[in-house]
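Worksheet for the structure shown next.
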Amino acid sequence: MLKFILRRIMMMIPQLLILSILVFALAKAMPGDALTGQLAQSPKMDANTLMEMREKLGLNDPVHIQYVRWVKNLLHGDLGLSYIHQQPVTDLLSGRLANTLLLSACVLLLTYLIAIPLGLVSGRWQDSWADKLIVGYSYVSFATPLFIFALVMLFVFGFKLGWFPTGGSVDIQVEKGTLDYYINKFYHLLLPALSGALIGTVGIIQYLRSEIIDTKVKDFVKTARAKGIPESKIYSHHILRNSFLPIAAFLGYEITGLIGGSIFLESIYSYPGLGQLFLQSIMQRDYSVVTALVMISGLATLIGTLLSDIILSAVDPRIRIE
Numbered sequence: 001m002l003k004f005i006l007r008r009i010m011m012m013i014p015q016l017l018i019l020s021i022l023v024f025a026l027a028k029a030m031p032g033d034a035l036t037g038q039l040a041q042s043p044k045m046d047a048n049t050l051m052e053m054r055e056k057l058g059l060n061d062p063v064h065i066q067y068v069r070w071v072k073n074l075l076h077g078d079l080g081l082s083y084i085h086q087q088p089v090t091d092l093l094s095g096r097l098a099n100t101l102l103l104s105a106c107v108l109l110l111t112y113l114i115a116i117p118l119g120l121v122s123g124r125w126q127d128s129w130a131d132k133l134i135v136g137y138s139y140v141s142f143a144t145p146l147f148i149f150a151l152v153m154l155f156v157f158g159f160k161l162g163w164f165p166t167g168g169s170v171d172i173q174v175e176k177g178t179l180d181y182y183i184n185k186f187y188h189l190l191l192p193a194l195s196g197a198l199i200g201t202v203g204i205i206q207y208l209r210s211e212i213i214d215t216k217v218k219d220f221v222k223t224a225r226a227k228g229i230p231e232s233k234i235y236s237h238h239i240l241r242n243s244f245l246p247i248a249a250f251l252g253y254e255i256t257g258l259i260g261g262s263i264f265l266e267s268i269y270s271y272p273g274l275g276q277l278f279l280q281s282i283m284q285r286d287y288s289v290v291t292a293l294v295m296i297s298g299l300a301t302l303i304g305t306l307l308s309d310i311i312l313s314a315v316d317p318r319i320r321i322e
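In our numbering, the protein residues as written are 1 to 322.
Take a look at the structure:
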């Protein structure tokens with residue numbers, strides 16, 4: 001297992017290198033440069049001052065020199081300077097990273113808490129009225145875009161019923177570090193987390209249902225029934241153990257998918273996280289922030305893939321990834 005993990009980590013190095021080249025090339029291909037956003041906010045800035053700032057920042061250097069300098073800064077933990085917010089990108093991201101991680105963790109937890117029981121019921125009692133309701137719910141979830149569902153949830157439960165806050169991560173007047181602060185933060189978090197979870201359950205439900213249906217007709221299950229083993233024990237020791245295998249492997253990819261989904265959730269619910277910052281940075285052409293966030297997203301994707309392989313090989317001892 002250790003040898004496999006080390007080899008997979010070594011494989012991530014050239015992947016990260018290719019990703020950095022693509023991210024830097026796409027950033028350079030976008031219209032304008034790092035000072036375009038500042039120019040839009042300060043239209044009175046004269047051309048000479050603008051040229052001096054470009055020269056000072058090295059924006060007139062050849063592309064390969066700019067890339068090497070950017071990579072060196074990345075390796076030293078320097079993500080650059082946000083020209084819109086006028087602060088280091090590292091400081092800007094650190095203030096929002098905790099919110100995004102908290103939202104993603106809650107979405108992931110709620111997704112599995114909802115999807116696994118529904119998948120178990122749907123697979124075990126196939127073609128029952130409960131199975132038909134769960135399959136119908138899965139089809140509706142699959143056909144509904146996340147941003148549409150989140151807007152409906154916000155309108156109904158936020159504006160119409162007033163059960164949840166319509167924006168932010170915590171009320172301003174609440175003192176930080178107190179019990180009321182954490183309760184209030186959870187209160188703001190619940191609606192966007194539920195919105196993401198209710199839409200994200202469809203894949204897990206369908207995977208688990210299909211695996212249970214396929215597994216319960218296999219020969220080793222029939223043999224267990226022929227031996228007189230109770231049905232509950234057959235499901236817990238034979239069917240479920242094998243059915244959870246793809247779900248465990250799916251966990252790593254779920255983690256990476258949450259980053260993309262958080263962009264819509266954070267924008268719709270005005271939740272101050274990395275997703276909301278990403279859209280704002282694109283609109284304001286704050287390319288140092290955009291490239292940093294894309295690199296973080298790519299790194300998270302690679303880590304999620306690694307986690308999926310590790311979990312898959314750990315859950316089933318028959319699998320040996322060499």
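Backbone N, C-alpha and C fix where the C-beta goes; we use that ideal spot for every residue, glycine too.
Given residue i as reference, the closest of the options once Cα atoms are compared
| i | options | result |
| --- | --- | --- |
| L133 | A300, V121 and A143 | V121 |
| A197 | Y112, S20 and D309 | Y112 |
| S297 | P14, I9 and S20 | S20 |
| D78 | G304, S308, T291 and I310 | T291 |
| L151 | I172, V170 and L194 | L194 |
| R124 | L103, D214 and N99 | D214 |
| L265 | Y182, L146 and F159 | L146 |
| C106 | I234, A29 and K185 | K185 |
| M153 | L190, G119 and L81 | L190 |
| G167 | V63, P192 and T178 | P192 |
| V140 | T201, M12 and Y181 | T201 |
| I102 | G228, S169 and I5 | The identity of residue 102 in the sequence shown is Leu, whereas the question assumes Ile. It is S169 whose Cα lies nearest to the Cα of L102. |
| G203 | D91, F220, I65 and A143 | A143 |
Beta-bridge pairing of residue i - partner residues as DSSP gives them
| i | result |
| --- | --- |
| P88 | L81 |
For residue i, three-class secondary structure by DSSP
| i | result |
| --- | --- |
| G298 | helix |
| T291 | helix |
| Y269 | coil |
| S308 | helix |
| D61 | coil |
| R285 | coil |
| P192 | helix |
| G228 | coil |
Expected contact under 8 Å - CB spacing of residue i and residue j to nearest Å
| i | j | result |
| --- | --- | --- |
| R7 | L306 | About 11 Å; that fails the 8 Å criterion. |
| F149 | I199 | 5 Å |
| S243 | L208 | 6 Å |
| A224 | H238 | 6 Å |
| S288 | Q276 | Incorrect: roughly 17 Å between the Cβ atoms, too far for contact. |
| F155 | W163 | Not really, about 12 Å apart at Cβ, beyond 8 Å. |
Tell me the start and end of each unbroken alpha helix (DSSP H) in the stretch 118-180 that is at least 4 residues and wholly inside, in chain order.
Listed in chain order, the alpha helix (DSSP H) runs fully inside the stretch 118-180 are 129-143 and 146-153, counting runs of at least 4 residues.
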